[in-house]
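Structure record follows, encoded as structure tokens.
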Amino acid sequence: MEFSLKNEQQQLLSKMATNDGHGENSPYFDGWKAYDSDPYHPTRNPNGVIQMGLAENQLCFDLIEEWVLNNPEASICTAEGANKFMEVAIYQDYHGLPEFRNAVAGFMEKVRGERVKFDPNRIVMSGGATGAHETLAFCLADPEDAFLVPTPYYPGFDRDLRWRTGIQLLPIVCHSSNDFKVTKESMEAAYQKAQEANIRVKGFLLNNPSNPLGTVLDRETLIDIVTFINDKNIHLICDEIYSATVFSQPEFISISEIIEHDVQCNRDLVHLVYSLSKDLGFPGFRVGILYSYNDAVVSCARKMSSFGLVSTQTQHLIASMLSDETFTDKIISTSSERLAARHGLFTRGLAQVGIGTLKSSAGLYFWMDLRRLLRESTFEAEMELWRIIIHEVKLNVSPGLSFHCSEPGWFRVCFANMDDESVRVALRRIHKFVLVQGKATEPTTPKSRCGSSKLQLSLSFRRLDERVMGSHMMSPHSPMASPLVRAT
Amino acid sequence: MEMLSKKATCKSHGQDSSYFLGWQEYEKNPFNEDTNPLGIIQMGLAENQLSFDLLESWLARNPDATMFGSNGGSIFKELALFQDYHGLQTFKTELVEFMAEIRRNKVRFDPQKLVLTAGATSANETLMFCLAEPGEAFLIPTPYYPGFDRDLKWRTGVKIVPIHCSSLNGFRITKAALDEAYDEALKLNLRVKGVFITNPSNPLGTTMNQDEFNHVISFAVSKNIHIVSDEIYAGTVFDSSKFTSIIEAIMDRTLEKTDIWSRIHVVSSLSKDLGLPGFRIGMIYSNNETLIAAATKMSSFGLVSSQTQYLLSKLLGDKKFTRHYIQENQRRLKKRQQVLVSGLQSYGIPCLKSNAGLFCWVDMRNLLSSNAFEAEMELWKKILYEVGLNISPGSSCHCTEPGWFRVCFANMSQETLNLSIHRLQAFVTSNGDGNYQNQKLSTRISRRNSLVVS
């Protein structure tokens, strides 16, 4: 009965509505269910799961709230701002409020140290970066075409770029042996593989700073990438959503700087994705930005933005906020300091028990190396370890498998979405877990390369056999049924 | 290799339509009472600007909506971080109650069956992605809102097959027209997945009657297809008792326990009822759980800003306000429509009898130089450039008969409306004899079509 009902639904609705293209059956989301059903709270649920799988920036809300309180005219609901209410509420022009575009362009320039200029007329709104990615895929590629993307990469790309567009994502495999850098050889190999499979490559998708690595791309690599796409005459989509989360050296270099200063390139191939969800911590406001150097893409994307415009109430607030340069200077520098402090606290804390992390200078997370804790170097072992971390250590971290990492044992750990006390609790739990397992550890420095080590850690495997799920490596919680926050 | 996608280089975005071209001309030379009194008056934009004073005075009384709660505590951070695609529960609860209120509480909605989207534009596209494969078709009665060509077809690859409606019976949907459209789809080798209705109709301004419901529902039942009902103008009905939602229609026919129940989907928005198009608040409502699950995931591509959800949850939570607003707004719309209708009528231009919407469907057939779409375009250009009114030609709405125009009346002041009527009057008078070649014929048509003259 149930089968035929499901079958009937599948015929009643489109394939798109009933397939797995939404990507929510990935292990990335499974840990969230554990968190949702048992969320940590310092007093109400001190033994609950701490959410370290959500890349949110909660470190500067004090500054933001202070600004909002001091600038009541930025809201169209206050006495000071209500005179703008009607004008803002009826404005539905998909170009967006001019002051909004100007303010966003100015902010993007500031984040890049004024080293480049952005034209507000090339700024196109979208439903978050999620919407921007999908729109670019619709504009640049036909169904079955492919984009190359370096691994590991943000799991949401599988949905955003592919689900409704029909395009494919092909990996440019990166390895820990060189800190997961993109090389000319790996790009070329991926491209050739596509050619051999008769798949038409239309673009290259880059995330800089990288999610999940937290690294920024160096100038040479960026130049290599631009040269590559220019030679192959394919598009470059550069997602710079974490551009203002840089907290130490090396500094962030935007693709816009490379094409303006470093290398000649057909600019019609270059497109940026941006958002205020990470830098400012406003994922709820859905401020997605698509910036293209290609006039036809701007024109097409703008028409498509009708499907995901930014609420004018929000455009108005953001225009006001980002045009206050005293404020934006302060928030960029303070955010950077606080992220540095938080990142350092965690990575040093982990190093004390011999857990290494990839050296990074940006992002709201770090890339943790737990290869030595694996029973064997397989993704099954990674999933086993992950389930222990969720259910016994009670931390929701994201397994490298869900980021399409080619090597098992890596985990992304988010650190900017909690208060200081939660950080201490999380570290204590990790220390306890590692130490209680009864092995020798030597403190490693946070900056060490994640090379080989002779440390052996034994884990409690008593429940592992029960949890082995076979080749699918799906957690017992799939498919995701609980309320889901979008992939971040 | 073609650098951009087919979607980017084709014309399916529909923006080359005269509907949008008229807007562009308006942008170049927009009327302003003080600074540009001879400019083009925008009568091609279906906006509701009549009741902003009510919203503004509500805001003045309710500083709570600023995200710094009544006890001074800030919820700014919570809202800024809230990106759950299920939406703010308080907002959805208030929204469904508002929707029910508009429908005289004859229908109750469950907030769990509601998906929030970035405007009805996004809701309609999302439904097509969920209900049809590329190349499959939906049947839509003509004339219809020009934006559907983009919203329903562009990125989805879904086809539209028109259900031709005629002025002979007031553009009502008939069984014959439905069957003809279905046969046409078969001839074109298109699999029909559903019927898409807009009720109240854009551009007609009419609400569906019981006969039409009978035809559409029986048709959808017999063909085992979906019904999508875009009810975005539900709150603009001058008299609530005259509007029946598709859900009420199904319940009246006691079909809730049959298959068709899971194939009924309603779209709405706050852009027309409350006049808030900038806030991008749209919704899909359906009893089909699988659809709701899929559409909810898809809404990731166009969520409603959390601060906007919060503001509206407060506004709609004030029931005294919403009741008063609904009634007063309807009263003002009705009054405004009557000004336009009587103004046009006074020099021989009839309108389709309507009871809803932010526009009238105006019969200018007797102003055409010939009964052809070229003549309609000629007339449209004259009205745009010489008279200075941007109105929407029926051909842009896929009307099968030349000479009809959609004229909006709720997006301007009373004075501007009077001025536009005056301009048109002057045009009609001065263009007198030249355009009345078919006067005798049109008089005969007018008498026969007494249904359509208001």
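As you go down the protein sequences, you meet chains A and B in turn. Here the first sequence stands for residues 13 to 500, numbered as in our numbering. Here the second sequence stands for residues 81 to 534, numbered as in our numbering. A virtual CB, placed ideally from N, CA and C, is assigned to each residue, including glycine.
*Alpha carbon to alpha carbon, how far is R176 (chain A) from I344 (chain B)?*
23 Å
*Would you mind giving the Cβ-Cβ distance between Y203 (chain A) and N223 (chain A), rounded to the nearest angstrom? I have them listed as a contact below 8 Å.*
Not really, about 23 Å apart at Cβ, beyond 8 Å.
*Tell whether a beta-carbon distance below 9 Å holds between I301 (chain A) and S287 (chain A).*
yes
*Listed from N- to C-terminal order along the chain, which residues in the segment 407-427 of chain B have their beta-carbon within a distance smaller than 7 Å of any beta-carbon of chain A?*
Listed in sequence order: no entries.
_Whole-angstrom distance between H355 (chain A) and P262 (chain A), CA atom to CA atom_ = In this structure, the straight-line span from the alpha carbon of P262 (chain A) to that of H355 (chain A) is close to 15 Å.
*Is there contact between the segment 222-229 of chain B and the segment 387-395 of chain B, where contact requires at least three CB pairs shorter than 8 Å?*
no
*Using DSSP bridges, identify the partner residues of A217 (chain B).*
DSSP lists B:K239, B:V272 as the beta-bridge partner residues of A217 (chain B).
*When burial is assigned at 16 or more other CB atoms within 10 Å of the CB, is S426 (chain B) buried or exposed?*
exposed
_Given this structure, state the Cα-to-Cα distance separating F21 (chain B) from A329 (chain B), to the nearest angstrom._
This structure does not reach residue 21 (chain B), given that chain B is present from 81 up to 534, and the question cannot be answered.
*Looking at the structure shown, is S465 (chain A) part of a helix, part of a strand, or coil, going by DSSP?*
For S465 (chain A), the predicted model reports a pLDDT of 35, less than 50, meaning its position is unreliable and no value from the coordinates is stated.
*Residue burial classification, C426 (chain A) (beta-carbon count within 10 angstroms, cutoff 16)*: buried
*Under a Cβ-count criterion, where at least 16 other Cβ atoms within 10 Å of its own Cβ denotes burial, should T388 (chain B) be classed as buried or exposed?*
Burial call: buried.
*Which residues bound the beta strand (DSSP E) around K214 (chain A)?*
213-219
*Is there at least one Cβ from chain B nearer than 9 Å to Q204 (chain A)'s Cβ?*
no
*Should L382 (chain A) and F339 (chain A) be called a contact, given that it needs their Cβ atoms to be closer than 9 Å?*
no
*Say whether the segment 127-147 of chain A touches the segment 194-208 of chain A, bearing in mind that this needs 3 or more beta-carbon pairs closer than 8 Å, one atom from each stretch.*
Touching, no.
*Cα-Cα separation, G168 (chain A) to G35 (chain A)*: 7 Å
*Under three-state DSSP, which class holds S526 (chain B)?*
In this predicted model, S526 (chain B) has a pLDDT of only 45, less than 50, meaning its place in the structure is not dependable enough to derive any value.
_Does chain A have any CB closer than 9 Å to the CB of P357 (chain B)?_
yes
*Go ahead and pull the three-state DSSP assignment for M380 (chain A).*
strand
*Whole-angstrom distance between R384 (chain A) and L469 (chain A), CA atom to CA atom*: With a pLDDT of only 34 at L469 (chain A), under 50, the local geometry of the prediction cannot be trusted, and the value read off the model is given with reservation. Taking the straight line from one Cα to the other gives about 7 Å.
*Could you spell out the range, first to last residue, of the alpha helix (DSSP H) harbouring A158 (chain A)?*
Where A158 (chain A) is concerned, there is no enclosing alpha helix (DSSP H), although the beta strand (DSSP E) it sits in stretches over 158-162.
_Please tell me whether K495 (chain B) has its Cβ less than 9 Å away from any Cβ of chain A._
Contrary to the premise, residue 495 (chain B) reads as Glu rather than Lys in this sequence. Taking Cβ atoms only, chain A never reaches closer than 9 Å to E495 (chain B), which makes this a no.
*If the cut is a Cβ gap below 9 Å, which residues of chain A does H345 (chain B) touch?*
Under the 9 Å cutoff, chain A gives no residues; its nearest Cβ is about 11 Å from H345 (chain B).
*Taking Cβ positions only, does Y305 (chain A) come closer than 9 Å to chain B?*
no
*Would you kindly work out how many angstroms separate the C-alpha atoms of K186 (chain B) and F132 (chain B), rounded to a whole number?*
Cα atoms of K186 (chain B) and F132 (chain B): separation of roughly 27 Å, rounded to the nearest angstrom.
*Quick one: what does DSSP say R486 (chain B) is sitting in, helix, strand or coil?*
strand
*Write down the C-beta distance between M378 (chain B) and T509 (chain B) rounded to the nearest angstrom, noting that I regard them as a contact closer than 8 Å.*
Contact doesn't hold; Cβ gap of about 53 Å is too wide.
*asked:* Just to check my reading of the structure: L413 (chain B) and A490 (chain B) have Cβ atoms closer than 8 Å, yes? What is that Cβ distance to the nearest angstrom?
replied: Right, the Cβ-Cβ distance comes to about 6 Å (below 8 Å), so this counts as a contact.
*Close-in-space but distant-in-sequence residues of the same chain around L350 (chain B) (CB under 6 Å, 5 per side omitted)*: L356, I361
*In chain B, which residues lie less than 7 Å from V80 (chain A) when you measure between Cβ atoms?*
For V80 (chain A), the chain B residues whose Cβ falls inside 7 Å of its Cβ are F156, in order along the chain.
*When you compare only the Cα positions, how much space is there between S87 (chain A) and A94 (chain A)?*
Straight through space, the alpha carbons of A94 (chain A) and S87 (chain A) are spaced by roughly 8 Å.
_Near-chain A residues of the segment 349-375 of chain B (beta-carbon distance less than 9 Å), N- to C-terminal order_ = For the segment 349-375 of chain B, which is checked against every Cβ of chain A, the residues closer than 9 Å are S351, L354, G355, L356, P357, G358, F359, R360, I361, N368, E369, T370, L371, A373, A374, A375.
*First and last residue of the uninterrupted beta strand (DSSP E) at W422 (chain A)*: 422-426
*In whole angstroms, what separates the C-alpha of K352 (chain B) from that of E337 (chain A)?*
37 Å
*asked:* Measuring alpha carbon to alpha carbon, tell me which residue in A:S418, A:T30, A:V405, A:T369 is nearest M390 (chain A).
replied: Sequence check: residue 390 (chain A) is Thr here, not Met. Ranking the options by Cα distance to T390 (chain A), first place goes to A:S418.
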